[in-house]
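Visitor:
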Amino acid sequence: MGNLKEYSKEIKETAANLRIIDDALFRLMGEKPGVCEEILRTLLDMPHLQVVKVSVQSVVQSFQREITLDALCMTQDGRYCNVEVQKGNSNDDIRRTRFHAAALTAKYTPKGADFKNIPDVTIVYISEYDVLKNNQTVTHVTRCMKNDESYVPVKDGEDIIFANTCVNDGSDKSELLQLMLNKEAFYNDKFPQISNAISYFKETEGGQSEMCKIVEDYAKEYAKNSIQEAIEAKKLADEAKKLAEEEKRKAEEEKRKAEEEKRKADEEKRKADEAESRAGKAIERNYRLIVNILSGRTYEEAADMLGISIEDVKEAEAAIKAIDK
């Protein structure tokens, strides 16, 4: 764990300011016996609920995506309860909780199990903001069916509980949630397990060392992730640049081909124009020859001499008159 003196001033200050709702401290608190049980008993209105197992930072791989759960609890009656703490509102919290419930259901359903035997799942989502914007401290979300003009709950084994610290309704639930914002140790008779755990972390050298260690681990993980993100960002940028250069090369090649096709088309047109011009001149010379022969002769005589029709002679005469006009 390390001696408290080994940690820097910055690490100690960060650790001292941790609150239960912060991931780092909640991870430690969740490992203490009775803490999650006390939270669940209060927020679920189940005073006799018993938690038999808690796994903090549990990783679940499901549906092609990996998720990390803050505190996954298993109750004595076999229900899986995931307690999540959330400070920032950058997530789509409603869809996130839906996905977490689905992932847990899939993860802990035995292969080939009958649908009646899939596990019950509860997500308790604790936030510093009002996720549903309904001005309620705690809201129970469950599947319902529409019955005339009202909605009736359908018991499908899935429950989502949204709880927040920003709406204080004076209830025991609010009292518990407000305690999660404290930076100092406290003791509350209603929540002895949480009080004992926070006192340990805030007031004993061993607890403070554990907080410093996890803060340091978080900092290292953050730095590692930042470096990895930077590497991935550069990789994506290089790939994008390579793709852009390839597209540019293709565009230039297409342009070159288009210019070559245009040059060929222009050359063909030039040749066609020259051929047309030569043909026109040859026809004009032929017409003039006919007109010269016609001079002083009748159409019939000229036609007979040239072996062409009278109409051809007349056409040549008309064409030359048009040219010389």
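All residue numbers in the sequence shown are consecutive under our numbering, ending with 331.
Even glycine gets a Cβ: it sits at the ideal position worked out from N, Cα and C.
(1) Can you tell me the Cα-Cα spacing of Q184 and I100, whole angstroms?
(2) Flag this pair as touching only if the region 8-20 and the region 219-236 have three or more C-beta atom pairs under 8 Å; answer yes or no.
(3) So, are the CB atoms of T48 and L182 less than 7 Å apart?
(4) According to DSSP, R269 sits in a beta bridge with which residue or residues?
(5) If we ignore side chains and look at the alpha-carbon of each, how far apart do E45 and A243 end up?
(6) Taking the C-alpha atoms as reference points, what is the distance between D175 and D162?
(7) For the candidate residues S156, E155, E164, whose alpha-carbon lies nearest to that of T148?
(8) Where are the alpha helix (DSSP H) runs, 4 residues long or more, that stay fully inside the region 91-163, in chain order?
(9) Excluding the 5 residues flanking N97 on each side, which residues of the same chain have their C-beta closer than 6 Å to its C-beta?
(10) Could you check what DSSP says for R303 in three-state terms: helix, strand or coil?
(11) In whole angstroms, give me the CA-to-CA distance for E72 and E258.
(12) Which value, in whole angstroms, describes the spacing of the CA atoms of N88 and F105?
(13) Which residues mark the beginning and the end of the beta strand (DSSP E) in which K59 is found?
(14) Touching or not, the region 146-160 and the region 111-119, by the rule of three or more beta carbon pairs under 8 Å?
(15) Applying the criterion that 16 or more other CB atoms from any shown protein chain within 10 Å of the CB defines a buried residue, is S133 buried or exposed?
(16) Do N97 and the ligand ZN come close, with the Cβ less than 6 Å from some heavy atom?
(17) Determine the closest residue to V41 out of C79, P159, E317, with distance taken between C-alpha atoms.
(18) Once DSSP output is grouped into helix, strand and coil, what is the label at L50?
(19) With distances taken Cα to Cα, identify the nearest neighbour of E37 among M52, E12, N123, V57.
Guide: On the basis of the coordinates in this document:
(1) Distance between the alpha carbons of Q184 and I100 is about 22 Å.
(2) Remark: three or more beta-carbon pairs, one from each stretch, lie closer than 8 Å, so the region 8-20 and the region 219-236 are flagged as touching.
(3) Yes, they are a contact pair.
(4) In the DSSP output, where bridge partners are listed per residue, R269 has none listed.
(5) It is Ile, not Glu, that sits at residue 45 in the sequence shown. The alpha-carbon separation between I45 and A243 amounts to approximately 46 Å.
(6) Cα-Cα distance, rounded: 29 Å.
(7) It is E164 whose Cα lies nearest to the Cα of T148.
(8) Runs of alpha helix (DSSP H) with 4 or more residues, each lying fully within the region 91-163, are found at 99-113, listed in chain order.
(9) So the list is empty, once near-sequence residues are dropped.
(10) If DSSP states are grouped into helix, strand and coil, R303 belongs with coil.
(11) Distance between the alpha carbons of E72 and E258: 43 Å.
(12) Distance between the alpha carbons of N88 and F105: 12 Å.
(13) The continuous beta strand (DSSP E) containing K59 extends over residues 57-68.
(14) Taking 8 Å as the limit for Cβ pairs, the verdict is that the region 111-119 does not touch the region 146-160.
(15) Residue environment analysis places S133 among the buried positions, since at least 16 neighbouring C-beta atoms fall within 10 angstroms of its C-beta.
(16) With respect to small molecules bound, the structure shown includes none, and the ligand ZN cannot be examined in it.
(17) Taking the Cα of V41 as reference, the smallest distance to any Cα among C79, P159, E317 is reached at C79.
(18) If DSSP states are grouped into helix, strand and coil, L50 belongs with coil.
(19) With distances taken between CA atoms, E37 lies nearest to V57 out of M52, E12, N123, V57.
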